[in-house]
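Everything on this sheet refers to the single structure shown next.
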Amino acid sequence: MKTGGSLVTFFIIATLFPATPALGWGTEGHNAIAHIAQQHLTRRADREVTRLLEGRSMAYWSAWADGLRGDGRYDLLSTWHYANADEGLTYAAAPKNPAGDVYTAVVECVSRLEERGTSDSLRAMYLKLLIHFVGDMHCPMHAGHPEDRGGNDFPVRFQSRASNLHRLWDSEIVDAARPWDALEWAVNLDYGTQRRRPNPELSAGEPLDWMEQTVVLSHRLYDDTPRGENPRGENPRGETISRAYITRYTPVIEQKFLEAGHRLARLLNELFP
Ligand SMILES: [Zn+2]
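For what it's worth, this note's numbering labels the leading residue of the sequence shown as 47, then goes sequentially.
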């Protein structure tokens, strides 16, 4: 990708103007995924990651990239949080955004971290971005349909309030599924796995496989989330999301957090052998 020069400029600006936090999977989801990932870094990878992150945890930086959104100075990254695939299409078959998407973002961050001679400050930036974008890659409505902007224009009612399918899956369903903070999600989900080593089954595959899995899940959610009896557009308030829906999908949220965490750990262990 030909974004190197402008990203250097971007980085200088980003350093001068620290961003305020905002949502993605929801800060909680990103934090939980990063907590899980850090548990499975090798000692050597953990040491290098911690050095680049100046002694802060991966969770500390996990939502940093969302804090840059909506700020014109960071427009280059604005499309890197998601991808789109129409009904019935795989990611590979779907039209691509020339400005980049969450899959190309992960590939770009990995290849930048593989390069020799990159300064520590740039490596730290790509590391923070990678921590975030691996999380976004596992968030189902970050692989939604283009015509409703990844579910942003798919209205639902959730806990007596107007919402949409995108927001539901970024954070609302996570908050409703368990009364846990990010650390509790990480500890309770990832209790039985071996430290310092990603689980081979959870971390199997490559970023393209992970992207395709998220697209499949997104298609399933479009089919399974109630639109109501009226054709789209005639029911602007949306249908109510039931407790049964939350219960049905809680194991899916848990699986996505675990997969994202173990896969992120595997990528970092390979990057920092
Ligand atoms: Zn994001």
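Glycine residues also receive a C-beta, built at the ideal position from the N, C-alpha and C atoms.
- Between Pro246 and Ala145, the alpha-carbon positions lie close to 33 Å from each other.
- For Trp231, the Cβ stays outside the 8 Å cut-off from all heavy atoms of ligand 1.
- Nearest Cα to Ser249 within the set Pro272, Ala311, Glu193: Ala311.
- Per DSSP, the unbroken alpha helix (DSSP H) holding Asn234 starts and ends at 228-235.
- By the criterion of a C-beta distance shorter than 6 Å, Ala80 is surrounded in its chain by Met104, Ala105, Ser108, Ile177, once the five residues flanking it on both sides are discounted.
- At the C-beta level, Asp216 and Met187 come within 9 Å of one another.
- Between Met257 and Tyr172, the C-beta spacing is not below 9 Å.
- Here Asn77 is near Leu229, since their CB atoms are less than 9 Å apart.
- Given a length threshold of 3 residues, each whole run of the beta strand (DSSP E) inside the region 184-223 is given here in chain order: 201-204, 207-210.
- Under the 10 Å beta carbon count, Glu305 is surrounded by 16 or more other beta carbons and is classified as buried.
- Judged by DSSP in its simplified three-state form, Thr286 adopts strand.
- Within 8 Å of the C-beta of Asp112 there is at least one heavy atom belonging to ligand 1.
- Looking from the CA of Val261, the closest CA among Met183, Gly101, Thr73 belongs to Met183.
- For Arg266 against Pro201, the beta-carbon gap comes to about 19 Å, at or over 8 Å, which does not count as contact.
- At a cut-off of 8 Å, the beta-carbon of Arg195 does not count as near ligand 1: no heavy atom of the ligand is closer than that.
- In the displayed model, Phe318 falls within coil according to three-state DSSP, outside both helix and strand.
- Distance from the CA of Arg162 to the CA of Gly196, rounded to the nearest whole angstrom, comes to 36 Å.
- The C-beta distance from Ala151 to Phe179 rounds to 4 Å, short enough to meet the 8 Å contact threshold.
- C-alpha of Pro253 to C-alpha of Gly181: approximately 12 Å in a straight line.
- Annotation for Trp215 indicates a beta carbon at 8 Å or more from all heavy atoms of ligand 1.
- Within 8 Å of the C-beta of Phe179 there is at least one heavy atom belonging to ligand 1.
- Gln240 sits in coil when the DSSP states are folded into three classes, being neither helix nor strand.
- Note on geometry: alpha-carbon atoms of Gly307 and Ser206 lie some 32 Å from one another.
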